[in-house]
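Colleague:
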Amino acid sequence: MRTQVGIVGGGPAGLLLSHLLHLRGIESVVVEARSRQYVEDRVRAGVLEQGTADLLTETGVGDRLKREGMVHYGVELRFGGRGHRIDFKESAGGRAIVVYPQNKVVADLFDARLAAGGRIFFEADDVSVHDFGDASAQARPKIRFRASGQPQEIECDFIAGCDGFHGICRPSIPGGALTVFERIYPFGWLGILAEAPPSSDELIYAYHERGFALLSMRSPEISRLYIQCTPDEDISKWPDDRIWQELHTRLATADGKWKLTEGPIVQKGVTGMRSFVVEPMQYGRLFLAGDAAHIVPPTGAKGLNLAASDVLVLSRALAEFYASGRKDLIENYSKTCLRRIWKAQRFSWWMTSMLHLFDADNAFDRRRQIAELDYVTSSRAASQTLAENYVGLPMEPVN
Ligand code: APR
Ligand code: PHB
Numbered sequence: 005m006r007t008q009v010g011i012v013g014g015g016p017a018g019l020l021l022s023h024l025l026h027l028r029g030i031e032s033v034v035v036e037a038r039s040r041q042y043v044e045d046r047v048r049a050g051v052l053e054q055g056t057a058d059l060l061t062e063t064g065v066g067d068r069l070k071r072e073g074m075v076h077y078g079v080e081l082r083f084g085g086r087g088h089r090i091d092f093k094e095s096a097g098g099r100a101i102v103v104y105p106q107n108k109v110v111a112d113l114f115d116a117r118l119a120a121g122g123r124i125f126f127e128a129d130d131v132s133v134h135d136f137g138d139a140s141a142q143a144r145p146k147i148r149f150r151a152s153g154q155p156q157e158i159e160c161d162f163i164a165g166c167d168g169f170h171g172i173c174r175p176s177i178p179g180g181a182l183t184v185f186e187r188i189y190p191f192g193w194l195g196i197l198a199e200a201p202p203s204s205d206e207l208i209y210a211y212h213e214r215g216f217a218l219l220s221m222r223s224p225e226i227s228r229l230y231i232q233c234t235p236d237e238d239i240s241k242w243p244d245d246r247i248w249q250e251l252h253t254r255l256a257t258a259d260g261k262w263k264l265t266e267g268p269i270v271q272k273g274v275t276g277m278r279s280f281v282v283e284p285m286q287y288g289r290l291f292l293a294g295d296a297a298h299i300v301p302p303t304g305a306k307g308l309n310l311a312a313s314d315v316l317v318l319s320r321a322l323a324e325f326y327a328s329g330r331k332d333l334i335e336n337y338s339k340t341c342l343r344r345i346w347k348a349q350r351f352s353w354w355m356t357s358m359l360h361l362f363d364a365d366n367a368f369d370r371r372r373q374i375a376e377l378d379y380v381t382s383s384r385a386a387s388q389t390l391a392e393n394y395v396g397l398p399m400e401p402v403n
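As numbered in our numbering, residues 5 to 403 make up the sequence shown, in order.
The structure is reproduced here in structure tokens:
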């Protein structure tokens with residue numbers, strides 16, 4: 005089978021890329037290792053920057069987002085038993101975030117691609133990529149895999165590696181061509197989904213001497229809550245009661261007025277935390293996008309948003325190549341993306357460093373964190389810095 009762009013991975017990055025290419029008249033085929041159900045049910049983040057929400061809306065996949073997305077004009081930082089609101093209207097020029105689960109973004113994109121006749125292979129086994137190394141060579145890049153037991157080959161002009169952190173595209177690039185920049189944090193997040201109306205209208209990031217806690221939400225009926233834990237925390241040691249107890253403690257206000265509403269826990273899991281970037285994000289005619297190229301700790305809610313800005317840059321660069329033969333945009337893909345990625349890395353690392361307990365014995369660090377939170381919530385300049393990064397820095401110009 006032949007196509008213009010072969011896309012490995014049908015998560016948010018791969019599906020959005022396929023959608024954006026289609027709108028520019030470029031054909032693609034998506035090869036996804038899992039079933040549609042599995043990809044849609046995977047519990048992931050839920051905060052869209054204004055720019056990501058606008059991109060989905062402007063490209064025709066924003067109907068349900070408009071109906072069900074919850075627009076937030078602020079977040080709360082809670083420490084010392086008190087809440088402090090960061091107001092985006094005042095601090096981020098009226099920009100906002102939209103709370104809308106990644107599962108729904110993915111489902112909306114599947115619907116759009118399949119309605120437009122997009123080709124997606126699900127449950128592909130033994131996926132491998134070939135002949136992408138030399139941009140000037142005659143051999144065309146290929147994706148090989150098995151679908152329903154049958155061997156398949158897709159021949160294309162370019163391959164987009166959108167197969168996440170554990171995918172095969174990044175490791176298929178010869179050793180030595182890539183440099184990895186990485187930081188692993190000495191903690192993880194224990195996350196739950198609970199059938200309980202969110203106890204706050206906006207997200208609450210809480211700093212507590214027992215560790216960080218976060219109150220988020222998926223809908224007016226479903227809360228998403230996290231507590232800092234060890235990176236290899238044994239979830240079986242966390243019966244529901246213990247989780248609620250810890251959340252009550254870490255989110256409590258000193259005046260005792262704020263109440264956390266409990267409800268049945270329908271999902272729980274532990275995630276490790278890392279910052280990771282690979283450079284460059286391209287090799288010959290293979291381009292890496294989204295989690296395949298970079299991971300952020302979830303504290304700034306940037307993962308999905310970075311995947312969206314990567315594929316926007318890539319779709320524009322490929323469109324320009326097909327329209328005019330111009331190669332400089334695709335050659336600069338990695339450079340263009342990395343400017344924004346590193347700023348989001350810096351922000352995610354900073355939020356993580358400010359809010360988590362790194363070493364319970366380090367009294368200096370804890371005093372410093374409190375001072376930082378105090379500063380961020382009392383200085384206009386500092387709250388603006390948080391707000392403009394949180395709602396999302398501008399997408400990079402592509403040319
Ligand atoms: N072949 C084909 N598909 C693969 C392979 C493979 N060898 N390995 C992984 N995949 C698929 C996964 O099943 C998944 O559906 O690639 C997809 C990658 O999706 P994500 O991991 O979601 O990564 P990405 O699309 O880059 O999305 C960005 O933002 O909120 C964050 O981490 C969160 O998933 C989110 C990410
Ligand atoms: C989530 O809702 O899952 C979420 C929200 C904000 C974050 C991280 C995760 O910073």
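In this text, a Cβ means the ideal position worked out from N, Cα and C, and glycines have one as well.
(1) Which residue wins for smallest C-alpha separation from Y337, given the options P284, H76, E392 and P201?
(2) Mapping DSSP to helix, strand and coil, what is N403?
(3) Based on the DSSP secondary-structure assignment, which residues constitute the bridge partners of F83?
(4) Quick one: what does DSSP say C173 is sitting in, helix, strand or coil?
(5) Ends of the alpha helix (DSSP H) at A37?
(6) Return the chain-ordered list of same chain residues with a C-beta closer than 8 Å to the C-beta of L310, the five sequence neighbours on each side being excluded.
(7) By DSSP's criteria, K146 is part of a beta bridge. Which residues make up the other side?
(8) State buried or exposed for S152, treating a residue as buried only when at least 16 other CB atoms are found within 10 Å of its CB.
(9) Here's the rule: buried if 16 or more other CB atoms are within 10 angstroms of the residue's CB, otherwise exposed. What is F185?
(10) Assuming T303 and G192 make a contact with CB atoms under 8 Å, what is their CB distance in whole Å?
(11) Between which two residues does the alpha helix (DSSP H) carrying V380 extend?
(12) Can we count K102 as close to ligand 1, meaning its CB is less than 7 Å from some heavy atom?
(13) Exposed or buried, N403, counting other C-beta atoms within 10 Å across all chains shown (16 or more means buried)?
(14) Which same chain residues end up closer than 6 Å to F351 when comparing Cβ atoms and leaving out the 5 residues on each side of it in sequence?
(15) So Q106 and G396 are in contact, right, with Cβ under 8 Å, and what is the actual spacing, rounded?
(16) With a Cβ-Cβ cutoff of 8 Å, do V110 and E44 count as a contact?
(17) Closer than 7 Å: is that where the CB of S220 sits relative to any heavy atom of ligand 2?
(18) Keeping to the same chain, check which residues put their C-beta closer than 6 Å to that of R148; ignore five residues upstream and five downstream.
(19) By alpha-carbon positions, which one of T356, V47, R28 and M399 ends up nearest to A217?
Modeller: Considering the structure as presented:
(1) Within the sequence shown, numbered from 1, the residue matching residue 337 stands at position 333. It is P284 whose Cα lies nearest to the Cα of Y337.
(2) On the sequence shown, position 399 is the one that residue 403 refers to. Residue confidence for N403 is low, a pLDDT of 47 falling below 50, so the modelled location carries little weight; the figure read from the coordinates is stated next. Reduced to three states, the DSSP call for N403 is coil.
(3) In the sequence shown, counting from the first residue as 1, residue 83 sits at position 79. Beta-bridge pairing links F83 to R86.
(4) Taking the sequence shown and counting its residues from 1, the one referred to as residue 173 is at position 169. The answer is helix: DSSP assigns C173 an H, G or I state.
(5) One-based indexing of the sequence shown puts residue 37 at position 33. Run containing A37: none; DSSP gives neither H nor E here.
(6) To locate residue 310, count along the sequence shown from 1; it is residue 306. Result list for L310: G294, H298, V300, R344, I345 and A348, in chain order.
(7) One-based indexing of the sequence shown puts residue 146 at position 142. Answer is H134 and E159, bridged to K146.
(8) If you number the sequence shown from 1, residue 152 lands on position 148. Exposed is the label assigned to S152, since fewer than 16 other Cβ atoms lie within 10 Å of its Cβ.
(9) As a working mapping, residue 185 is identified with position 181 in the sequence shown. A residue is called buried when at least 16 other Cβ atoms come within 10 angstroms of its Cβ; F185 does not meet this threshold and is exposed.
(10) Taking the first residue of the sequence shown as position 1, residue 303 is located at position 299. Taking the first residue of the sequence shown as position 1, residue 192 is located at position 188. Not a contact, Cβ separation roughly 12 Å.
(11) Translated into positions along the sequence shown, residue 380 becomes position 376. Per DSSP, V380 belongs to the alpha helix (DSSP H) from A367 to S382.
(12) Translated into positions along the sequence shown, residue 102 becomes position 98. The sequence shown places Val at residue 102, not Lys. No, Cβ of V102 sits at least 7 Å from all heavy atoms of ligand 1.
(13) As a position in the sequence shown, residue 403 is number 399, starting the count at 1. Low local confidence applies: a pLDDT of 47 at N403 is under 50, so the model's placement there is unreliable, with the coordinate-based value given in what follows. Answer is exposed; the Cβ neighbour count stays below 16.
(14) Within the sequence shown, residue 351 is the residue found at index 347, counting from 1. Excluding positions up to five away in sequence, the list reads G304 and N393.
(15) Position 102 of the sequence shown, counted from the start, is the residue given in the question as residue 106. Position 392 of the sequence shown, counted from the start, is the residue given in the question as residue 396. Contact flag wrong, Cβ pair sits at about 16 Å.
(16) Against the sequence shown, residue 110 aligns to sequence position 106. Against the sequence shown, residue 44 aligns to sequence position 40. Result yes, Cβ atoms of V110 and E44 sit closer than 8 Å.
(17) Here residue 220 is taken as the residue at index 216 of the sequence shown, counted from 1. S220 Cβ: within cutoff of ligand 2.
(18) As a first step, residue 148 must be located in the sequence shown, where it is residue number 144. Cβ within range, chain order: S132 and E157.
(19) To locate residue 217, count along the sequence shown from 1; it is residue 213. For A217, the nearest C-alpha among the options comes from T356.
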